[in-house]
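Step one of this worksheet: look at the structure below.
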Amino acid sequence: MGIYNRNYMQPEPGYGGFDALKGLLISLGVIFILQAILTHWVHLPLLTEFGSLSLPNLLRGYVWTPITYGFLHDPNGLMHILFNGIGLYFIGRYLQGVLGPVRFLEVFFFTVLMGAVVFLLTRLIAFPAIPVIGASAGVLGMLTILCLMLWDQELRLLFPPIAIKAKYILYFTMVLEGFNFLFNELPGTSLTADSASAHVGGMVGGYLYYRYLMNRPTLTSRFQKSTTSEPPRFGQRFGNATRSPATARTKKTAKAGKYKVNLSKDTPKDVRKEVDRILDKINTQGFGSLTDEEKRTLDNARDALR
């Protein structure tokens, strides 16, 4: 089997058997079904009541709501969860394949939390009792990161089925959500459980994560002694299509910690051993953790291992 036919060499989720995207989608679906049952059959909307985010809920001691609101959706219809689920699936497929499942989850929770922060700050100004639910903050936060990573590359939309540069998708979304926030939510002309302030917060969170946290170790890796390599530098991963500030500051190759590349190996056995080591690294840390040297080793080994 060629090295590029292995599962964790594909830009699809599932490193090490851990599919964070699949887990998120299943969680959203199961929770939505429970919401619908409790709301329409039991007539006790407990999940919505105790999991939605609002200032009154926070003051009651529901400290979990800045996260749990992102897993709840409107139980009175399918459109809310359907749009969020589709967006999460198509954006998440790419992001998890590049970031790895752990960082992918970290991005989701960080952007959901930032959506909660902006929403709560908005509620200090007006309409404090209005709650918010939905994964939109996380979806739009990940969309922001995706567009920043693929800035000048064309992406094909699902609807309408056209190709458009990522930066224009981001600009359009910023204008749309900014308008809804400034002229609908703040004046009080549109008060729904799907709040524009949370959307704006999620996008701000996406930018902040990309700008300041993308090149830092994940929270999980800081507690793992075996993880010593520098996290992915996206300027190296995407070339000129990336606007990561780390790229502008340095052009040096990321250090690999304990993972050292030996390009002097010239026997098939040694080459295969080196490739297996790199694949193990991909399996535990994601493809984005590879240095340029390690990526070149994989490219050179492709023909040697046939």
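Quick note, in the numbering used here, the sequence shown goes up one by one and the last residue is 1000.
For glycine and all other residues, C-beta sits at the position ideal for the given N, C-alpha and C.
- Helix, strand or coil for Arg-754 per DSSP? It is coil, neither helix nor strand.
- Query: Going by C-alpha distance, which of Leu-837, Leu-842, Thr-816 is nearest Arg-905?
  - Reply: Distance from the Cα of Arg-905 is smallest, within the candidate group Leu-837, Leu-842, Thr-816, for Leu-842.
- Message: List, from N- to C-terminal side, the alpha helix (DSSP H) runs of 4 residues or more that fit wholly inside the stretch 719-795.
- Response: Runs found: 740-745, 749-753, 759-762, 773-793.
- Task: Please classify Lys-967: is it buried, with 16 or more other beta-carbons within 10 angstroms of its beta-carbon, or exposed?
- Result: The residue is exposed, with fewer than 16 neighbouring Cβ atoms inside 10 Å.
- Task: Leaving aside the five residues before and after Thr-733 along the sequence, list all residues of the same chain whose C-beta is less than 8 Å from its C-beta, in chain order.
- Result: Excluding positions up to five away in sequence, the list reads Pro-739, Thr-742, Pro-769, Asn-770.
- Below 9 Å between beta carbons: does that hold for Val-812 and Ala-892? Taking 9 Å as the Cβ cut-off, Val-812 and Ala-892 qualify as a contacting pair.
- Given a cut-off of 9 Å, decide if Ile-858 and Gly-900 are closer than it, judged by their beta-carbon atoms. For the 9 Å CB-CB criterion, Gly-900 and Ile-858 do not form a contact.
- Is the CB-CB distance between Leu-880 and Ile-819 below 9 Å? Yes, they are a contact pair.
- Query: Where does Leu-851 fall in DSSP's three states?
  - Reply: For Leu-851, the three-state secondary structure derived from DSSP is coil.
- Query: Between the C-alpha atoms of Ser-830 and Gly-764, what's the straight-line distance to the nearest angstrom?
  - Reply: C-alpha separation (whole angstroms): 7 Å.
- Message: In whole angstroms, give me the CA-to-CA distance for Asp-986 and Tyr-862.
- Response: Distance from the CA atom of Asp-986 to the CA atom of Tyr-862, rounded to whole angstroms, is 30 Å.
- Query: For Thr-944, does the three-state DSSP call read helix, strand or coil?
  - Reply: No answer about Thr-944 holds up, because its pLDDT of 40 lies below 50 and its placement is not dependable.
- Message: To the nearest angstrom, how far is the alpha carbon of Leu-782 from that of Ser-721?
- Response: In a straight line, the C-alpha of Leu-782 is about 12 Å away from that of Ser-721.
- Task: Could you round the C-beta distance between Leu-902 and Thr-867 to whole angstroms and report it? I think they count as a contact, below 8 Å.
- Result: At roughly 16 Å, the Cβ-Cβ gap does not stay under 8 Å, so Leu-902 and Thr-867 are not in contact.
- Is His-767 closer than 9 Å to Asn-778 when the C-beta atoms are compared? In this structure, His-767 lies closer than 9 Å to Asn-778 by Cβ.
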